[in-house]
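Asker: When we follow the numbering used here, the leftmost residue of the sequence shown carries the number 58, and every step to the right adds one.
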Amino acid sequence: HLCDRASSGACHQTRAEEEAQQGRRTWPRLDRMQLGSRRGEHMNALEYQDFVNSVSSDDTSIYMSFKDRLEVLHRNHGCDPQRLITAALGMVGESQEYLDLVVNSIITDTHDKRLLELGDVLWYIIQACEGLGVGLDKVQELSVGVRNHYIEVSPIKLSSMETDELEPELASVIGEFCDLLKKILFHGKSFVENHKKLLDILAKLYYTYENELQWQGFTLEEVMLANVEKLSNRHKEGFTSNYDSDSGDSV
């Protein structure tokens, strides 16, 4: 049974009561006036943890509530949340690995590894495209508009973005994407109403990514082919979870 967002409070309250009856830990809804009166007083870590849980959404703190939310997004709004979650987590992790290689390139040559990590970032960009129901060609088309926007609004920033290394900007835009997705998944914000905004952020992300490719001297085709070769060798018969990471560690 799916609850709509207007009536989800009662449904989720019932789920919380069920979890409490089953012995799972639940969190007190702390009195706001009491919390306000504590300002300036001492607070220990566990008290703060209780406070955090008292102001967390049900979709954050209760598994069945989050499961219902995913079902609503998928069935009622045409969203593939698993794709978007995969994209968000993957882009964060892979961009950080890429940044580490750029930093280490001062000490040692990381050219080939940088090519591979940029391929991994692109793989997760494609997951975001799938989650939003668009092709990469549409995102590429929109990214042209991003550049035109910078020409009109901030030509100085555009010049910087097209001549300097862009790792911080790449991480910043990925963070912007994740922040909006968080609000859709856990704060009840509408996926339909925010679809265009997510797509616009993804276009900005791709524009930044493409500039990074140019800065590093790679073409998009080089990155795609390197990623295909790497993942084809790793997953010879389709995806398997039993593989070694690029660092050689089994994950």
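Where a beta carbon is used, it is the ideal one built from N, C-alpha and C, also for glycine.
(1) Determine the closest residue to Ile241 out of Cys186, Val201 and Asp137, with distance taken between C-alpha atoms.
(2) Could you have a look at Lys287 and say whether DSSP puts it in helix, strand or coil?
(3) Could you give the DSSP three-state label for Lys293: helix, strand or coil?
(4) Between the beta-carbon of Tyr263 and the beta-carbon of Ile182, is there less than 8 Å?
(5) Is the separation between the beta-carbon of Leu199 and that of Asp115 shorter than 8 Å?
(6) Using only the alpha-carbon positions, how far apart do Gln153 and Thr165 sit?
(7) Specify, as a first and last residue, the run of the alpha helix (DSSP H) that Ser298 falls within.
(8) Could you have a look at Phe275 and say whether DSSP puts it in helix, strand or coil?
(9) From Asn110 to Leu172, what does the alpha carbon distance come to, in whole angstroms?
(10) Rank Glu267, Asn268, Ile142 and Trp180 by C-alpha distance to the C-alpha of Ala283 and give the top, closest one.
(11) For the alpha helix (DSSP H) that Asn110 lies in, which residues bound it at each end?
(12) I'd like to know whether the C-beta atoms of Leu259 and Leu156 end up nearer to each other than 8 Å.
(13) Mapping DSSP to helix, strand and coil, what is Glu267?
(14) Measure the alpha-carbon distance for Leu227 versus Arg132 and round it to whole angstroms.
(15) Can you round the beta-carbon distance between Leu127 and Phe248 to whole angstroms, since I take them to be within the 8 Å contact cut?
(16) How many Å lie between Gln139 and Glu98 at the Cα?
(17) Is the beta carbon of Leu288 closer than 8 Å to that of Ala145?
Answerer: Well, looking at it:
(1) Asp137
(2) helix
(3) strand
(4) yes
(5) no
(6) 18 Å
(7) Unbroken run through Ser298: none, as it is neither H nor E.
(8) coil
(9) 42 Å
(10) Trp180
(11) Ala102 to Ser111
(12) no
(13) helix
(14) 32 Å
(15) About 11 Å; that fails the 8 Å criterion.
(16) 42 Å
(17) no
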